[in-house]
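A.B. asks:
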Amino acid sequence: MSAITTQTTKAVRRGMPPVGVMFAFATLGCVLLMTVSAPFLGVDPYKQDLMAILLPPSFEHPFGTDLLGRDIAARVIWGGIPPLFVGFTATAIAVLLGLGFGLLAGYRQGIVDGFLSRLADIQMSIPGLVLALLILVLFGASITNLIIVIALESWTMHYRVVRSQVMAVRNLSFVEAARLASIGEVWIVLRHILPSTIPLLAVTGTANFSQALLMEAALSFLGIGVQPPTPDWGTMVSEGQSQLAGGWWIAMFPGMALVLVMWSAQVIGDWLADVYSVRGDGLQ
Amino acid sequence: MATISHFKALQARLRSPIEVRFLLRRAIGGLFSLWGAVTIVFLMLYATGNPAEVLAPETATAEQVAELARQYGFDQPIYLQYRNFLVNIMQGNFPNSLYTGRPAFQEVLYRVPNTLLLGLTAVVLGALLGLVVGYVSSSGRSRIMRVVPIRLLMILQSVPNFFMGLLLIYFFSLTLRWLPTSGFSSWRNLILPITTLACYVAPNVARLFRSTMNEIRFEEHIQTARAKGISERAVRIRHNAINALGPVTTLIGLQLGGVLAGAVVVETLFAYPGVGQLLVQAVVSRDYPVALAAVILVCLGYNIASLLVDVLVVIIDPRAQKR
Numbered sequence: 001m002s003a004i005t006t007q008t009t010k011a012v013r014r015g016m017p018p019v020g021v022m023f024a025f026a027t028l029g030c031v032l033l034m035t036v037s038a039p040f041l042g043v044d045p046y047k048q049d050l051m052a053i054l055l056p057p058s059f060e061h062p063f064g065t066d067l068l069g070r071d072i073a074a075r076v077i078w079g080g081i082p083p084l085f086v087g088f089t090a091t092a093i094a095v096l097l098g099l100g101f102g103l104l105a106g107y108r109q110g111i112v113d114g115f116l117s118r119l120a121d122i123q124m125s126i127p128g129l130v131l132a133l134l135i136l137v138l139f140g141a142s143i144t145n146l147i148i149v150i151a152l153e154s155w156t157m158h159y160r161v162v163r164s165q166v167m168a169v170r171n172l173s174f175v176e177a178a179r180l181a182s183i184g185e186v187w188i189v190l191r192h193i194l195p196s197t198i199p200l201l202a203v204t205g206t207a208n209f210s211q212a213l214l215m216e217a218a219l220s221f222l223g224i225g226v227q228p229p230t231p232d233w234g235t236m237v238s239e240g241q242s243q244l245a246g247g248w249w250i251a252m253f254p255g256m257a258l259v260l261v262m263w264s265a266q267v268i269g270d271w272l273a274d275v276y277s278v279r280g281d282g283l284q
Numbered sequence: 001m002a003t004i005s006h007f008k009a010l011q012a013r014l015r016s017p018i019e020v021r022f023l024l025r026r027a028i029g030g031l032f033s034l035w036g037a038v039t040i041v042f043l044m045l046y047a048t049g050n051p052a053e054v055l056a057p058e059t060a061t062a063e064q065v066a067e068l069a070r071q072y073g074f075d076q077p078i079y080l081q082y083r084n085f086l087v088n089i090m091q092g093n094f095p096n097s098l099y100t101g102r103p104a105f106q107e108v109l110y111r112v113p114n115t116l117l118l119g120l121t122a123v124v125l126g127a128l129l130g131l132v133v134g135y136v137s138s139s140g141r142s143r144i145m146r147v148v149p150i151r152l153l154m155i156l157q158s159v160p161n162f163f164m165g166l167l168l169i170y171f172f173s174l175t176l177r178w179l180p181t182s183g184f185s186s187w188r189n190l191i192l193p194i195t196t197l198a199c200y201v202a203p204n205v206a207r208l209f210r211s212t213m214n215e216i217r218f219e220e221h222i223q224t225a226r227a228k229g230i231s232e233r234a235v236r237i238r239h240n241a242i243n244a245l246g247p248v249t250t251l252i253g254l255q256l257g258g259v260l261a262g263a264v265v266v267e268t269l270f271a272y273p274g275v276g277q278l279l280v281q282a283v284v285s286r287d288y289p290v291a292l293a294a295v296i297l298v299c300l301g302y303n304i305a306s307l308l309v310d311v312l313v314v315i316i317d318p319r320a321q322k323r
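So the protein sequences, as listed, match chains A and R. The UniProt record's numbering puts the first residue of the first sequence at 1, with every later residue one more than the last. The UniProt record's numbering puts the first residue of the second sequence at 1, with every later residue one more than the last.
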């Protein structure tokens, strides 16, 4: 290996994303399509067939059947609804919260910034899953509470990124020019500062989505999220744990579905971070 | 000889002084966050309505609930309650567990060593694996070495930890019958949970270590070292790798929350008697005193751990305290 090589700077890639990323988009798209169309496919995740319990994957039951003779394939298709719904909704709420607070703190600075930043510090000093456990046990486990809990936990990452971006941009000359032209503060923030935060939010949003998905699955796996018999990937893996020796397929297929979604979200997130040259690891 | 001099570079780092001011600032920040966390727990308990009803067993009569309310001062005005709550926490004074009848705080403390053993080993092993893979992917001799190990780790990263643990159980316990599936009777029980948790830590460490090493690879002091005629390998280890340790340590600090969450899931999956398993059991069986004690102790442990990691970052990279 030669000691001195020229440093290659990463060119901003435009146009078609690389093959791996296209593949990730396609995978995510397929899973989403399957999940959204679950109610129209005519598969029943609750139908029990006691004559066909614990059947291994076959032509009739592509993913096998569980202890109650329910078709795993149907349950995997339906089971994507809670995690994906919770993932998207919680991420959307968290992004909006983080964006709003971040713009406010970064633009106003002073007391507002001090207060919000301390709040974010406190929030981050409680480990996410632990806070979620506490809230869900005190206020009950429901999809709404799951979404609220996960959203409350993840707004800080958007907040930090947006805040530091606003602080970097707020005194640049185009913002000064807008201020000199006596444009209202709200309009300056929305029209001149907000757009520069969107690439950052694309990156943190993708990261947030896979975290939210993971959190929903983990809580459901622990029995504090989506309750059986509602089909849900995390709950299904937990049900499959006790049948692992007799029927590996019960846990394997919902687990693989989770891995597919997590993997595509991660590949897409890395690609976005690369394109916008943002580091998604929180170490700006 | 070469390896000895590599360590001298790190030793010199360890001798540089840590500013007292930095330590103080960080400690006060930690205390403040902890106070905030405890306050949030208090507010939530209060938001449910009557905390005494939450903390009393379900079979308790109205008088017993009132007695508990009086004992822990839930019948007093809220500011007094808040003060009592803080005092009780500082004294480790929680109501008894609704199931075992023993003090909740002791129930949790009793399990702390198990969780520490699991968590610390997993973080250390995961970080080591991450560092090795990160180093190889940045400085490996062949393209295969640089690409394959890190890609494999990246795939691991998208496997949720409970599923990862389940796969390990299926493969190593049920199919190969090498290791026990659950419980905690010998060191063999630790292997699978530690592997599962380490798989969470390693990928991010590897990624960040590689990117930091690549970023500073051509900085002037490193080029100077090359110009002096030091072997490429020594430059890589002494100047490139050691200088890239700071951000990685910070990352491990940021990931501690994830490790704790992972420990909760992994302990439950492997029926390992740690704080996390106790917390989940308490939550599922609505044993509120134990759940509260566990949440507060976990927050305490988490804050102490992040403080220690921040100090470690400064020891490894003294520039970090002047931000």
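Virtual Cβ for every residue (Gly too), placed ideally from N, Cα, C.
Taking the alpha helix (DSSP H) that Trp178 of chain R falls in, what are its first and last residues?
C.D. replies: From DSSP, Trp178 of chain R is part of no alpha helix (DSSP H); its letter is neither H nor E.
A.B. asks: Taking C-beta pairs closer than 7 Å, name the residues in chain A that Ser33 of chain R reaches, listed in chain order.
C.D. replies: Near Ser33 of chain R (Cβ distances below 7 Å), the residues of chain A are Asp121, Ile122, Ser125.
A.B. asks: Relative to chain D, which residues along the stretch 197-214 of chain A have a C-beta separation below 8 Å, given in chain order?
C.D. replies: Absent here is chain D; the protein component of the structure consists of chains A and R.
A.B. asks: How close, in whole Å, do the beta carbons of Ala257 of chain A and Val31 of chain A come, if the pair is a contact with beta carbons under 8 Å?
C.D. replies: 7 Å
A.B. asks: Does Tyr82 of chain R come within less than 8 Å of chain A when only Cβ atoms are used?
C.D. replies: no
A.B. asks: Check whether chain R comes within 8 Å of Ala251 of chain A, counting only Cβ atoms and requiring the distance to be less than that.
C.D. replies: yes
A.B. asks: Just checking: is the beta-carbon of Trp248 of chain A within a distance shorter than 8 Å of some beta-carbon in chain R?
C.D. replies: yes
A.B. asks: Following a CB-centred definition, is Leu192 of chain R positioned closer than 7 Å to any heavy atom of the ligand MN?
C.D. replies: Looking for the ligand MN in the displayed structure turns up nothing, as the structure carries no ligands at all.
A.B. asks: Could you work out which residues of chain R lie near Val259 of chain A, taking near to mean beta carbons separated by less than 8 Å?
C.D. replies: Neighbours of Val259 of chain A on chain R, chain order: Ser158, Val159, Pro160, Phe163.
A.B. asks: Under 8 Å, do Pro289 of chain R and Ala104 of chain R count as touching if we go by C-beta distance?
C.D. replies: yes
A.B. asks: Under three-state DSSP, which class holds Thr91 of chain A?
C.D. replies: helix
A.B. asks: Spatial neighbours of Ile252 of chain R within its chain, please: CB distance less than 8 Å, with the 5 preceding and 5 following residues excluded, ordered by chain position.
C.D. replies: Val123, Ala127, Val201, Val205, Val309
A.B. asks: Can you pull the DSSP bridge partners for Pro103 of chain R?
C.D. replies: R:Asn96
A.B. asks: Below 7 Å CB to CB, which residues in the same chain sit around Ala225 of chain R once its five sequence neighbours on both sides are set aside?
C.D. replies: The beta carbon of Ala225 of chain R is closer than 7 Å to those of Val235, His239 in its chain, skipping five residues each way along the sequence.
A.B. asks: Beta-carbon within less than 7 Å of residue 369 of chain R's beta-carbon, same chain only, minus the 5 sequence neighbours each way: which residues are those?
C.D. replies: Past the edges of chain R, shown from 1 to 323, lies residue 369 of chain R, and the structure says nothing about it.
A.B. asks: Using a C-beta cutoff of 8 Å, does Arg286 of chain R count as contacting chain A?
C.D. replies: yes
A.B. asks: Can you tell which of A:Tyr159, A:Val186, A:Ser125 has its C-alpha closest to the C-alpha of Leu201 of chain A?
C.D. replies: Across the set A:Tyr159, A:Val186, A:Ser125, the C-alpha of A:Tyr159 shows the shortest separation from the C-alpha of Leu201 of chain A.
A.B. asks: Taking beta-carbon pairs under 9 Å, can you tell me which members of the stretch 288-321 of chain R lie near chain A?
C.D. replies: Here the close residues are Tyr288, Ala291, Leu292, Ala294, Val295, Val298, Cys299, Tyr302, Asn303, Ser306.
A.B. asks: Step through the CB atoms of chain A and report whether any lies within less than 8 Å of the CB of Leu176 of chain R.
C.D. replies: no
A.B. asks: Would you say Val86 of chain A and Ile143 of chain A are within 8 Å of each other, going by their C-beta atoms?
C.D. replies: Their beta carbons are under 8 Å apart, which means Val86 of chain A touches Ile143 of chain A by this criterion.
A.B. asks: Going by C-alpha to C-alpha distance, which of R:Leu31, R:Leu245, R:Leu300, R:Gly183 sits closest to Gly274 of chain R?
C.D. replies: R:Gly183
A.B. asks: Is the distance from the Cβ of Ile194 of chain R to the Cβ of Thr121 of chain R below 8 Å?
C.D. replies: yes
A.B. asks: Can you find at least 3 beta carbon pairs, one from the stretch 29-39 of chain R and one from the stretch 120-137 of chain A, that sit closer than 8 Å?
C.D. replies: yes
A.B. asks: By the 10 Å Cβ neighbour count, where 16 or more other Cβ atoms means buried, how is Gly80 of chain A classified, buried or exposed?
C.D. replies: Buried, since its Cβ has 16 or more Cβ neighbours within 10 Å.
A.B. asks: Could you work out which residues of chain A lie near Thr48 of chain R, taking near to mean beta carbons separated by less than 8 Å?
C.D. replies: Leu138, Phe139
A.B. asks: Pick out whichever of R:Leu98, R:Tyr46, R:Gly101, R:Arg102 has its Cα sitting closest to the Cα of Gln81 of chain R.
C.D. replies: R:Tyr46
A.B. asks: Taking the runs of the alpha helix (DSSP H) that are 4 residues or longer, which of them lie wholly in the stretch 149-205 of chain A?
C.D. replies: The qualifying runs are 173-180.
A.B. asks: What does the alpha-carbon distance come out to for the pair Arg151 of chain R and His192 of chain A?
C.D. replies: 39 Å
A.B. asks: Using only the alpha-carbon positions, how far apart do Pro45 of chain A and Leu174 of chain R sit?
C.D. replies: 28 Å
A.B. asks: Quick check: Leu99 of chain A and Val162 of chain A, are their CB atoms within less than 8 Å of each other?
C.D. replies: yes
A.B. asks: Please classify Tyr302 of chain R: is it buried, with 16 or more other beta-carbons within 10 angstroms of its beta-carbon, or exposed?
C.D. replies: buried
A.B. asks: Taking three-plus beta-carbon pairs below 8 Å as touching, is the stretch 210-223 of chain A in contact with the stretch 137-151 of chain R?
C.D. replies: With a cut-off of 8 Å, the stretch 137-151 of chain R and the stretch 210-223 of chain A do not count as touching, because too few Cβ pairs lie within range.
A.B. asks: For Pro247 of chain R, I'd like the list of residues in its chain whose CB is within less than 7 Å of its CB, leaving aside the five on either flank, ordered along the chain.
C.D. replies: Leu208, Thr212
A.B. asks: Quick one, which residues of the stretch 217-246 of chain A are near chain R if we go by CB-CB under 7 Å, in chain order?
C.D. replies: Ala217, Ala218, Phe221, Leu222, Gly223, Ile224, Val237, Gln241, Leu244, Ala245
A.B. asks: Could you give the first and the last residue of the continuous alpha helix (DSSP H) run that contains Gln157 of chain R?
C.D. replies: 143-157
A.B. asks: Can you find a C-beta in chain R that's less than 8 Å from the C-beta of Val130 of chain A?
C.D. replies: yes
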